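Residue numbering for the sequence shown follows our numbering, beginning at 6 and increasing consecutively. We treat Cβ as the ideally placed atom computed from N, Cα and C, and that holds for glycine. All of these numbers come straight from a predicted model, not from anything done at the bench. Each remark here refers to the structure printed beneath this line.
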Amino acid sequence: MVTLTIDNRPVTVPEGTTILDAAKTVDIHIPTLCYLREINEVAACRVCAVEVEGVDKLAAACNTQVEDGMVVRTNTQRVRLARKTNVELILSQHVDHCVTCVRSGNCSLQALSKAMNIQEVPFRNEATERPWDKTLPILRDSSKCIKCLRCVSVCERVQSLGVWEVTGSGAHTTVRIKGGLRMNEANCALCGQCVSHCPVGALRERDDTELVFEALCDPTKEVVFQVAPAVRAAWGESLGLSQDKATEKRLAAAIRAMGVKHVFDTTFSADLTILEESSEFIERFTHSETSKLPMFTSCCPGWVRFLRTEYPELAGNLSTAKSPQQMFGAIAKSYYAKLLEKEPKDIFCVSVMPCVAKKYEAGTPEASDVTDHDVDVVLTTRELDRMLQAMQINVAALPEEDFDSPLGRGSGAGVIFGVTGGVMEAALRTAYAKLTGENPPADAFREIRGQKPWRESTFHIGDITLRLAVVSGLAGARQLMDAIRARQVSYDFVEVMACPGGCSGGGGQPIHDGEDFTAERGRNLYQLDKNSTIRFSHENPSIQVLYNEFLGEPLSELSHHLLHTDQKTWTL
6 MVTLTIDNRP VTVPEGTTIL DAAKTVDIHI PTLCYLREIN EVAACRVCAV
56 EVEGVDKLAA ACNTQVEDGM VVRTNTQRVR LARKTNVELI LSQHVDHCVT
106 CVRSGNCSLQ ALSKAMNIQE VPFRNEATER PWDKTLPILR DSSKCIKCLR
156 CVSVCERVQS LGVWEVTGSG AHTTVRIKGG LRMNEANCAL CGQCVSHCPV
206 GALRERDDTE LVFEALCDPT KEVVFQVAPA VRAAWGESLG LSQDKATEKR
256 LAAAIRAMGV KHVFDTTFSA DLTILEESSE FIERFTHSET SKLPMFTSCC
306 PGWVRFLRTE YPELAGNLST AKSPQQMFGA IAKSYYAKLL EKEPKDIFCV
356 SVMPCVAKKY EAGTPEASDV TDHDVDVVLT TRELDRMLQA MQINVAALPE
406 EDFDSPLGRG SGAGVIFGVT GGVMEAALRT AYAKLTGENP PADAFREIRG
456 QKPWRESTFH IGDITLRLAV VSGLAGARQL MDAIRARQVS YDFVEVMACP
506 GGCSGGGGQP IHDGEDFTAE RGRNLYQLDK NSTIRFSHEN PSIQVLYNEF
556 LGEPLSELSH HLLHTDQKTW TL
């Protein structure tokens with residue numbers, strides 16, 4: 006243990022502790038801006054400067070380790086002025102259009118400036134704006150970039166892609182796509198983790214809210230909304246709603262309050278995905294001599310892009326089942342359009358997703374089979390919240406309402422699609438029933454739950470032994486794929502989600518700078534599953550009606566046409 010003094014208070018902490026963490030143990034706050042624990046500890050911003058007795062230069066608290074007998078002062082005049090000057094220098098290279106910035110009110114730089122009482126910047130403004138394709142799912146405004154390097158570190162260390170790089174030095178330092186490429190030329194998965202970890206508005210998702218507002222005003226359009234499972238665990242956060250207020254039923258009511266007539270739950274098509282994907286897995290597993298195993302889940306477009314660009318020879322192992330988003334779009338514009346006596350082109354399908362890559366998926370021509378775009382617009386959870394705020398809807402005062410039928414009923418198995426391991430667990434529940442003729446205990450496969458990036462397990466279903474792996478985060482996916490490529494591991498079924506923790510931690514979820522709500526959101530989804538009256542996808546009565554009245558059976562000719570795809574042909 007090490008004993009030191011911080012602001013005249015004795016502190017004892019383990020050896021190797023930073024000044025920043027040592028100060029926290031005695032409730033002394035040291036501001037940070039670029040810092041992300043175990044991800045970005047490069048002290049690029051110097052906002053966490055402190056005085057250490059006997060040392061001439063100010064130390065960065067975020068990456069300076071404590072020493073026995075050290076005396077630290079965090080609030081001297083020298084420290085205060087240094088921090089203020091550092092923030093002013095950052096502001097001199099940051100365009101100050103706060104009123105129109107998507108992160109206004111949720112910006113770490115804005116909060117720091119206010120806390121430090123900065124009312125004007127004494128330095129010449131040198132913010133530089135560089136061109137960017139505004140049609141891409143992820144947008145970058147270089148004039149807002151503060152060179153904190155978070156995007157570089159997150160992409161490299163968490164997602165293993167290294168899309169971003171730092172060039173130049175001093176005042177000419179800038180962040181760009183590695184090698185000077187354009188975004189659509191890079192191996193970006195479009196996961197949006199760089200967006201979630203940017204402390205300002207330099208990175209954001211493309212805003213498609215006006216397209217939805219326009220559709221709602223178009224009398225020729227039947228606007229149909231679907232809401233992904235993980236959205237219900239997070240949508241109330243940026244609206245200031247408590248968990249007991251931010252229910253999925255109040256979410257349905259809020260969307261109707263915007264003027265939407267048809268509000269459905271994507272857990273319905275998550276169940277549909279399970280019927281198709283579990284059937285496909287059983288078909289592959291029982292014909293392993295002619296099928297590609299392990300079978301990979303395919304509902305995460307960030308993962309699909311990663312596999313296509315990094316391990317193209319393994320793309321054939323992807324399940325051909327479309328994602329729940331795309332399955333819903335296809336059913337909405339075929340089966341549901343017939344129920345409404347409408348043409349497919351009259352249905353305007355909007356998805357609310359925790360994901361940025363879903364914008365890419367919806368725009369990929371090969372992912373649609375009924376119209377050019379079976380899903381017309383994808384909104385992130387953040388965009389939905391902005392729409393509700395723009396319409397001045399008092400969400401907390403709304404009574405709860407059910408999702409619409411027949412595409413709005415989902416099972417608990419569909420709900421857990423929003424957390425890492427949930428797709429695998431849901432598929433195993435139904436695969437077990439198909440192979441044995443009876444349901445397993447609903448929580449029989451809980452062993453694959455957890456937040457560890459790479460988890461594996463073996464399950465026995467009768468005489469059958471299944472070898473399984475679950476991965477979340479692309480760094481873990483890379484380790485897994487390298488091991489599979491080298492034949493170091495062998496599995497039958499593998500679930501991969503691009504974002505750490507799965508969709509709950511998706512790049513389109515509400516941003517809480519420096520805090521991670523992913524595990525808590527996942528626990529909420531598991532609780533919803535536990536409380537659900539239906540916990541098996543194959544027992545969803547709406548799914549049963551859909552097959553009886555329209556699709557026939559899983560893997561039927563019509564199911565293959567509407568609900569399956571060949572990801573190897575997708576435009577990247």
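Query, Result
"If we call anything under 8 Å between Cβ atoms a contact, is residue 416 one with residue 536?", "no"
"So, residue 65 versus residue 48, is the Cβ gap smaller than 8 Å?", "yes"
"Should the region 179–199 be regarded as contacting the region 149–165, the criterion being three or more beta carbon pairs within less than 8 Å?", "yes"
"Under 8 Å by Cβ, that's how I've got residue 479 and residue 166 pegged, so tell me the actual separation to the nearest angstrom.", "6 Å"
"Looking at the structure shown, is residue 575 part of a helix, part of a strand, or coil, going by DSSP?", "coil"
"What is the DSSP secondary structure of residue 543, counted as helix, strand or coil?", "helix"
"Is the CB-CB distance between residue 403 and residue 258 below 8 Å?", "yes"
"Using DSSP with H/G/I as helix, E/B as strand and the rest coil, what is residue 240?", "coil"
"For residue 13, is the classification buried or exposed, using 16 other Cβ atoms within 10 angstroms of its Cβ as the cut-off for buried?", "exposed"
"CA-CA distance, residue 362 and residue 307?", "6 Å"
"Helix, strand or coil for residue 179? Go by DSSP, reduced to three states.", "strand"
"Can you list the alpha helix (DSSP H) stretches of 4 or more residues lying completely in the region 189–251, in chain order?", "198–202 and 214–221"
"Determine which residues share a DSSP beta bridge with residue 15 and list them.", "10"
"Hey, residue 194 and residue 290: beta-carbon distance below 8 Å or not?", "no"
"Can you tell me where the beta strand (DSSP E) with residue 269 in it begins and where it stops?", "267–270"
"Roughly how many angstroms lie between the CA atoms of residue 8 and residue 160, to the nearest whole one?", "36 Å"
"Would you grab the beta carbon distance between residue 326 and residue 569 for me? Rounded to a whole angstrom, and I think it's under 8 Å.", "6 Å"
"Shortest alpha-carbon distance to residue 270 belongs to which of 460, 413 and 547?", "413"
"If you draw a straight line from the C-alpha of residue 234 to the C-alpha of residue 322, how long is it?", "25 Å"
"Taking residue 298 and residue 393 to be in contact with their CB atoms under 8 Å, please state how far apart those CB atoms are, rounded to whole angstroms.", "That pair is no contact at about 45 Å."
"Is the beta carbon of residue 332 sitting closer than 8 Å to the one on residue 283?", "no"
"Determine the extent of the beta strand (DSSP E) in which residue 474 is found, giving its start and end residues.", "469–477"
"Based on DSSP bridge pairs, tell me the residues matched to residue 263.", "DSSP, once it has assigned bridges, lists no residue as partnering residue 263."
"Are residue 67 and residue 25 closer than 8 Å when you measure CB to CB?", "yes"
"Is it buried or exposed for residue 614, if we count other Cβ within 10 angstroms and need 16 for buried?", "Residue 614 lies beyond the residue range present for the chain, which begins at 6 and ends at 577; the question has no answer from this structure."
"Taking the alpha carbon of residue 447 as the point to measure from, which residue in 435, 458 and 440 has its own alpha carbon closest?", "435"
"Per DSSP, residue 157 forms a beta bridge with which residues?", "Residue 157 pairs with nothing; no bridge assigned."
"Spell out the partners DSSP gives residue 20 in its beta bridges.", "BP columns for residue 20 are empty, so no partner."
"Just verifying my parser: in three-state terms, what is the DSSP assignment at residue 84?", "helix"
"Return helix, strand or coil for residue 444, following the three-state DSSP convention.", "coil"
"Pull the bridge partners of residue 326 from the DSSP assignment, please.", "569"
"Mind checking who residue 41 pairs with in its DSSP beta bridge?", "45"
"Can you tell me the Cβ-Cβ gap for residue 338 and residue 377, rounded? I've got them flagged as a contact below 8 Å.", "Contact flag wrong, Cβ pair sits at about 11 Å."
"Count the other CB atoms within 10 Å of the CB of residue 118; is the residue buried (16 or more) or exposed (fewer)?", "buried"
"Using three-state DSSP, classify residue 386 as helix, strand or coil.", "helix"
"Spatial neighbours of residue 382 within its chain, please: C-beta separation below 6 Å, excluding the five flanking residues on both sides.", "213, 216, 217 and 355"
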